[in-house]
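Enquirer: So that we are looking at the same thing, I have put the structure below in C-alpha cells.
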Amino acid sequence: MKIYWIKAQAPRRVLALVKYLGIDADCIEMDLKAGGMKTPEYTALNPNRKAPTMVDGDFVLWESSAIMAYLCIRERSDMWPAHHPAEQVEVLRWLSWNDHHWSRAVGPFYFEHVVKATFHIGEPDRSSLPAMIPELKTLAAVLDGHLAGRDFVACNRLTIADFQLASMACDWRRSEMPLGDYPHIVRWLDRLMHIPAWAEPWPTQAVERGEKALAG
Ligand SMILES: N[C@@H](CCC(=O)N[C@@H](CS)C(=O)NCC(=O)O)C(=O)O
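For what it's worth, our numbering labels the leading residue of the sequence shown as -9, then goes sequentially.
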C-alpha cells in the first residue's frame, strides 16, 4: 500500500490512522512547492492534485474520509463502524459536519498560521480572519455543547470522526483560533494528544520523494 501525503491536515488524519492501526504502508511525501502533485503521473491517481491519495494494489482512492473508512474496513477496526448502521450514520454526520462547516470555518486560520509556515509561502495575513470569527464561534458552540460529558465525537469511543475534526483544530493555539472559551473542545483536543499516533503522525521512515517514486 502507498499513501501519498504532504504535511497538512487532510493527510494528517490518514497518516495518524495508518500509524494507530499499525498498517504497513509506504508513505510517500510529495513536494508541494516543486509541483509534485501537478505531474501527469500524480494527476492520473488523483485528478484533484491534492493529498492524501491511497493506492492499494490496483485500487486508488482519494478523499481522506473515504481512505480512513477503507483502512478501517480493511483492518476490521470499528473506528469506522462498517457493520453497525446506527453508529455509522453517527460518524458520517460528523464527517459531513466537518467538511461542510467546521473545516471551512477553522481552515483559514490554519492556513495562515500553519500551512504558510510549513511550506514557506509567506507571512500570515490576518486581515481576513476577524470576519470569520462569528461563524467559527457559532460552530465551536455546537461542538463544545456536544462534547460536554463526552470524551469522543461519536459512539463513545475513538472513531475516524475524531481524527477528521481534530485535524482542523489541533494547532488552534498556534493558529490563533479563538477556542479558549470552549473548554470541552480544548479538553477533547488535549486528550487526543495523549495518543502517540495522533500526536506524531508524520512518517519518519526514509522515503523516496513522491515525484521520483511515481516516475519510477
Ligand atoms: N477533501 C480532501 C481535501 C484534500 C486537500 O485539500 N488536501 C490539501 C492538503 S490538506 C492539499 O493537497 N493541498 C495542496 C494544494 O491545494 O495544492 C480530503 O479530505 O482528502
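Don't be surprised by glycine CBs; every beta carbon is placed ideally from N, CA and C.
(1) Around the Cβ of residue 3, are there at least 16 other Cβ atoms within 10 angstroms (buried) or fewer (exposed)?
(2) Quick one: Cα of residue 114 to Cα of residue 7, how far?
(3) If residue 44 sits next to residue -7, beta carbons under 8 Å apart, how far is it from one beta carbon to the other, in whole angstroms?
(4) So what does DSSP say about residue -8, is it helix, strand or coil?
(5) Check whether the Cβ of residue 92 lies closer than 7 Å to any heavy atom of ligand 1, and answer yes or no.
(6) Assess, as a yes-or-no matter, whether the segment 60 to 70 is touched by the segment 144 to 162 under the definition of 3 or more beta carbon pairs within less than 8 Å.
(7) Could you give the first and the last residue of the continuous alpha helix (DSSP H) run that contains residue 178?
(8) For my contact list, residue 117 and residue 98 are in at a C-beta cut-off of 8 Å; report their separation, rounded to the angstrom.
(9) Which same chain residues end up closer than 6 Å to residue 187 when comparing Cβ atoms and leaving out the 5 residues on each side of it in sequence?
(10) Residue 53: beta carbon under 7 Å from a heavy atom of ligand 1?
(11) Under DSSP, the alpha helix (DSSP H) around residue 166 begins and ends at which residues?
(12) Hey, residue 126 and residue 95 are a contact pair by Cβ (cut 8 Å); roughly how many whole angstroms apart?
(13) Between which residues of its own chain and residue 88 is the CB-CB distance below 6 Å, once the five residues before and five after are set aside?
(14) Quick check on the DSSP output: the alpha helix (DSSP H) that includes residue 43 runs from which residue to which?
(15) My understanding is that residue 175 touches residue 169, with C-beta atoms under 8 Å, so please give their C-beta distance in whole angstroms.
(16) Would you say the beta carbon of residue 22 is closer than 7 Å to some non-hydrogen atom of ligand 1?
(17) Thinking just about the alpha-carbon of each residue, which of 173, 122, 103, 129 is nearest to the one in residue 140?
(18) Would you decide whether residue 207 is buried or exposed? Buried here means 16 or more other CB atoms lie within 10 Å of its CB.
(19) Report whether the distance from the Cβ of residue 106 to the nearest heavy atom of ligand 1 is below 7 Å.
Expert: On the basis of the supplied data:
(1) buried
(2) 30 Å
(3) 5 Å
(4) strand
(5) no
(6) yes
(7) 173 to 182
(8) Wrong, their Cβ atoms sit about 11 Å apart, outside the cutoff.
(9) 6, 9, 10
(10) yes
(11) That residue, residue 166, is in no alpha helix (DSSP H); it is neither H nor E in DSSP.
(12) 4 Å
(13) 154, 155
(14) Counting along the chain, residue 43 falls outside any alpha helix (DSSP H), though it belongs to the beta strand (DSSP E) covering 43 to 46.
(15) 6 Å
(16) yes
(17) 173
(18) Not covered by the structure: residue 207. The range shown for the chain is -9 to 206.
(19) no
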